[in-house]
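Residue numbers (the working numbering), protein chains in the order written: chain A, 8 to 209; chain B, 8 to 209.
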């Protein structure tokens, strides 16, 4: 049986690392940045532009009075929707190819008909700040206050993007099968444990 | 190393079953109703009375104007506090004896200094109703609407009790290390997976 695993994650929680390790243990593909590259290639939009849209840095708002009903008329006018539509297509194609781990990108929602195992990775702010300072060279010069703001802002964008396209609340445990808090637990061991659990499902 | 595992759970989610299976797999004691019995024995209060207090069915409210500050004066006047204090003492004693699984009773909070592995078990309302109809003879004559109300009422009591004594929000994933949703996942497999994970921690 195909094993499709989606990973939602708070910024700095180590969700990407957990997903990567899990995929390695299960010897199945791991999709993260590859999705962006494929969207850029297939849509003709610049990689950096796609990245900014997917990360919620660029939002093309719908006219206020018309709201989302406009989407039924000519959705392709809005780059956000072009990207989401392409993203959905690519993610579905990846999942149909076989077992895989997909990080972020509303994959839990996009693949809901395939009943993936949906994991959410989170941690307290303190340990996320610590991880960010250790792991991310582009933000390591931040002051603690700047890092806190950066984390909260990134999560807010992820939450808004998820909410907009899925109508569900990002990080709400009801939307996931397993939620793991990496504040005190070792990611390597968690990945090994999850891999053992997934292997056991047939 | 001692492995202390606490299980918080939504009513009807199968948290008790998960805890029991996990304890069996790990070959360590499982504490649930035993705690009530010990409280009754040691406090001299009737078992049924203790049960009603612990389940939040009886609440002795503090005088409104004095509030919780009163607790610093003569806490033993309030049966809820006598029970909570005895419960804390018993749970700590159980945990100090060695590895164990403890269900409910704010054990995650009571044992916070011992850094237990805190698990929360939840499920959507539909699957909890289904489980309740199958498993609980005393409520199997309920109509679906009655069962829904019963589940929501029981959870509300648990949430209030937890909030009152811990100051934290019951079921908020931030308070737990691992949260598992039993709506779609098999409890037996989850217990086996968690047991394998816990065994790996040294």
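Here a beta-carbon is modelled for each residue, glycine too, at the ideal position from N, C-alpha and C. The structure presented is a predicted model; accordingly, all values stated were derived computationally and were not measured.
Straight across, the Cα-Cα distance linking residue 53(B) with residue 98(B) is about 19 Å.
Think of a sphere of 9 Å around the beta carbon of residue 186(B): the chain A residues whose beta carbon falls inside it are 127, 180, 183, 185, 186, 187 and 188, in chain order. CA-to-CA, the gap between residue 46(B) and residue 103(B) works out to about 17 Å. Using a Cβ distance threshold of 9 Å, residue 135(B) and residue 19(B) count as a contacting pair.
The beta carbons of residue 132(A) and residue 158(A) sit about 7 Å from each other, so the pair counts as a contact at 8 Å. Collapsing the DSSP output to three states places residue 200(A) in a helix. For residue 131(B), the residues of chain A that pass the 9 Å Cβ criterion are 181, in the order they occur in the chain. Residue 124(B) places its beta carbon less than 9 Å from that of residue 10(B). Listed along chain A, the residues sitting closer than 7 Å to residue 192(B) by beta-carbon distance are 184. Neighbours of residue 208(B) across chain A, judged by C-beta separation under 7 Å: 196. By the CB criterion at 9 Å, residue 31(A) and residue 198(A) fall inside the cutoff. For residue 87(B), the enclosing alpha helix (DSSP H) starts and ends at 86-104. Between residue 93(A) and residue 50(A), the CB-CB gap stays under 9 Å.
In the displayed model, residue 13(B) falls within a strand according to three-state DSSP.
For residue 171(A), the uninterrupted alpha helix (DSSP H) run begins and ends at 151-173, by DSSP.
Interface criterion not met: the Cβ of residue 118(B) is under 9 Å from no Cβ in chain A.
Taking 9 Å as the cut-off, the Cβ atoms of residue 43(A) and residue 206(A) do not count as close.
In this structure, residue 110(A) lies near residue 38(A), with their beta-carbon atoms less than 9 Å apart. Per the coordinates, the alpha-carbon of residue 29(A) lies some 19 Å from the alpha-carbon of residue 121(A). In this structure residue 153(A) is exposed. Its beta-carbon is surrounded by fewer than 16 other beta-carbon atoms within 10 angstroms. Residues of chain B whose Cβ lies closer than 9 Å to the Cβ of residue 159(A) do not exist, since the nearest Cβ in that chain is about 15 Å away.
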